[in-house]
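To keep things clear, I will list the structure first and then write my remarks on it.
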């Protein structure tokens, strides 16, 4: 069964810093990987989707990379802002599976 | 384009009762998935519907059921509620293939007392 781990569980940084969130998964036979953010008590907002054939995706200040063979993905956030404070979740989808396997998330706090 | 909508947003029920939650996907999306989120277990997959057929099911008891209508709207039902069913229930929609992005609704917060 696919297991997804996110480290660290919580991260606090001063505004303006660049930061990296990590995601690892046990079964490298994935179809794609998706990063989400979740604000307290809210639903999930999709940030980036990386297909298994891709190495990275970028959207604004966000860059996600995927190394399928090693079972790892990173989410890089440039010039962090207080509005980036949220929980960030990664999720993978395997071949033949129509569901996402989620990590436990990294709770990010950006201090003004 | 309107996003995924879920109703109601909040529910308070008593143990033993049943509840029905509703999800309207993004227009044109034919796949709807349901997830349960709790502090202890995180996000867990319940089931997925595509074109009115359940395609995939997670490891939940039979008290959890769902259906999808011809307009792709979906409902999930939980019977004989237990305290442990208190959670945020999220639905996600997509075009249906494995390569497609999943878009989530705001969730329904269910509290069982």
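Protein chains in written order, with this note's numbering: chain A, 1270 to 1381; chain B, 2 to 114.
Where a beta carbon is used, it is the ideal one built from N, C-alpha and C, also for glycine.
* To do: List the residues that DSSP assigns as beta-bridge partners of residue 1319 of chain A.
  => Assignment of beta-bridge partners to residue 1319 of chain A by DSSP yields A:1302.
* Asked: So what does residue 1291 of chain A bridge to, in DSSP terms?
  -> Answer is A:1276, A:1343, bridged to residue 1291 of chain A.
* **Cβ pair residue 37 of chain B, residue 88 of chain B closer than 9 Å** => yes
* Taking all protein chains shown into account, decide if residue 40 of chain B is buried (16 or more other Cβ within 10 angstroms of its Cβ) or exposed. => exposed
* Check each residue of the segment 1289 to 1305 of chain A: if its Cβ is closer than 7 Å to any Cβ of chain B, include it; give the result in chain order. => Under the 7 Å Cβ criterion, the segment 1289 to 1305 of chain A contributes 1300, 1301, 1303.
* Less than 8 Å between the CB atoms is what I'm expecting for residue 68 of chain B and residue 25 of chain B, so what's the real figure, rounded? => The Cβ separation is near 14 Å, so there is no contact.
* Just mark residue 1326 of chain A as buried or exposed, buried being the case when its beta carbon has 16 or more other beta carbons within 10 Å. => buried
* Nearest-angstrom Cα distance between residue 102 of chain B and residue 1381 of chain A? -> 33 Å
* Please check if any C-beta of chain A sits within less than 9 Å of the C-beta of residue 69 of chain B. => no
* **For residue 1329 of chain A, the three-state DSSP class (helix, strand or coil)** => coil
* According to the neighbour-count rule (16 or more other Cβ atoms, all chains shown, within 10 Å of its Cβ), is residue 86 of chain B buried or exposed? -> Note on residue 86 of chain B: 16 or more other CB atoms within 10 angstroms of its CB, so buried under the neighbour-count rule.
* To do: Keeping to the same chain, check which residues put their C-beta closer than 7 Å to that of residue 1300 of chain A; ignore five residues upstream and five downstream.
  => 1321, 1362, 1363, 1364
* Residues bridged to residue 14 of chain B by DSSP? -> B:113
* Under 9 Å between the Cβ atoms of residue 1318 of chain A and residue 1306 of chain A? -> no
* Proximal residues of chain B, C-beta to C-beta of residue 1362 of chain A below 8 Å -> 99
* In chain B, which residues lie less than 7 Å from residue 1312 of chain A when you measure between Cβ atoms? -> 91, 105, 106, 107, 108
* At 8 Å on the CB atoms, spell out the chain B contacts of residue 1271 of chain A, in chain order. => Within 8 Å Cβ-Cβ: nothing; residue 1271 of chain A doesn't reach chain B, min ~11 Å.
* Asked: With DSSP run on the structure shown, which of helix, strand or coil describes residue 84 of chain B?
  -> helix
* Asked: Could you give the distance in angstroms between the alpha-carbon of residue 1311 of chain A and the alpha-carbon of residue 91 of chain B?
  -> Approximately 9 Å between the Cα atoms of the pair.
* Under three-state DSSP, which class holds residue 1352 of chain A? -> helix
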